[in-house]
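**Q** Residue numbers (our numbering): 13 to 249.
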Ligand code: PXP
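#1: How about residue 200 and residue 161: are their beta carbons less than 7 Å apart?
#2: Measuring alpha carbon to alpha carbon, tell me which residue in 129, 63, 195, 216 is nearest residue 22.
#3: Hey, out of 32, 205, 79, 140, whose CA is closest to residue 231's CA?
#4: Assuming the contact rule is C-beta atoms closer than 8 Å, residue 9 and residue 18 should be a hit. Round their C-beta distance to whole Å, please.
#5: Any contact between the region 177–185 and the region 88–98? By contact I mean 3 or more CB pairs, one from each, below 8 Å.
#6: Go ahead and label residue 80 buried or exposed: buried means 16 or more other beta carbons lie within 10 angstroms of its beta carbon, across all protein chains shown.
#7: My guess is that residue 59 and residue 38 are in contact by the Cβ rule of under 8 Å, so how many angstroms apart are they, rounded?
#8: Tell me residue 198's beta-bridge partners as DSSP assigns them.
#9: For residue 148, I'd like the list of residues in its chain whose CB is within less than 7 Å of its CB, leaving aside the five on either flank, ordered along the chain.
#10: Assign residue 112 to one of two classes, buried (16 or more other C-beta atoms within 10 Å of its C-beta) or exposed (fewer than that).
#11: So does residue 216 have its beta carbon nearer than 6 Å to some heavy atom of the ligand PXP?
#12: Beta-carbon separation of residue 203 and residue 166 under 7 Å?
#13: Mind checking whether residue 16 and residue 50 have CB atoms under 7 Å apart?
#14: With a 10 Å radius around its C-beta and 16 neighbouring C-beta atoms as the bar for buried, classify residue 83 as buried or exposed.
#15: Taking a contact to mean a Cβ-Cβ separation below 7 Å, would you say residue 142 touches residue 195 in this structure?
#16: How would the residue list near the ligand PXP read, in chain order, if you kept each one whose beta-carbon is closer than 6 Å to any heavy atom?
#17: Sorted by chain position, which residues of the same chain lie with C-beta nearer than 6 Å to residue 77's C-beta, five sequence neighbours on each side aside?
Here is the structure:
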């Protein structure tokens, strides 16, 4: 059974809507861990739209499982990671105008620039995972870069419009997983996974960790709303 990395970015999205202090992703991480999360994942975006540097620094002190820092492959972000020392880093492509991460990293295209970043991080004992599409060339380049892990991008699978397409995308992920393992890479996956589409991905042979955020935080908002309204109502009385 793969482990579950809970991505708490969208707790911070709600906080940043008011630029205030609640809800605090640090508290969310503790609750997720108490509920059985095996790891906590945060994406410190260059535009700081949700997670802030302060969050990552405090989480480094408080997370009892492991902390996965998702970030762009840039010198500024590498500097922060080397200072905070998360348990592992997941390098992702980042565009300021995107709503969420779109597609995997172009490991082939980034060439030596990426290899150097992987080396810098791993020399400091921070294992690196590359968020990539399940494509043989990207997998080969990932293995060549020296990165310990890949995280297969499950977005196309999650966005499949019917069962046939979903099945096809699952096949691509399964095949990609096989290639990754044959290349000596450790295997994670994530993006767009929900309560309805996750179990098939969890069964891909060799899958170690699934990173899931939006669906869990969305459900938390709905299943927690009943209690939140009752508690406010009680205060009025
Ligand atoms: N993995 C990576 C590399 C991501 O960028 C994201 C989104 O931040 C996730 C997993 C989680 O995706 P979702 O929020 O759709 O579950």
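Glycine residues also receive a C-beta, built at the ideal position from the N, C-alpha and C atoms.
**A** Let me lay it out:
#1: Contact: yes.
#2: Looking at the Cα atoms, 63 is the closest of the given residues.
#3: 205
#4: Because the chain spans 13 through 249 in this model, residue 9 falls outside it and cannot be assessed.
#5: no
#6: With 16 or more other CB atoms across the displayed protein chains lying within 10 angstroms of its CB, residue 80 is buried.
#7: No, residue 59 and residue 38 are not in contact; Cβ-Cβ is about 21 Å, not under 8 Å.
#8: 161
#9: Excluding its 5 nearest sequence neighbours in each direction, residue 148 has C-beta neighbours in its own chain below 7 Å: 191, listed in chain order.
#10: exposed
#11: Result no, Cβ not under 6 Å from the ligand PXP.
#12: Contact: yes.
#13: yes
#14: Buried, because 16 or more other Cβ atoms sit within 10 Å of the Cβ of residue 83.
#15: no
#16: 19, 21, 55, 82, 102, 104, 112, 113, 143, 163, 202, 203, 204, 205, 223, 224, 225, 226, 227
#17: 45, 50, 51
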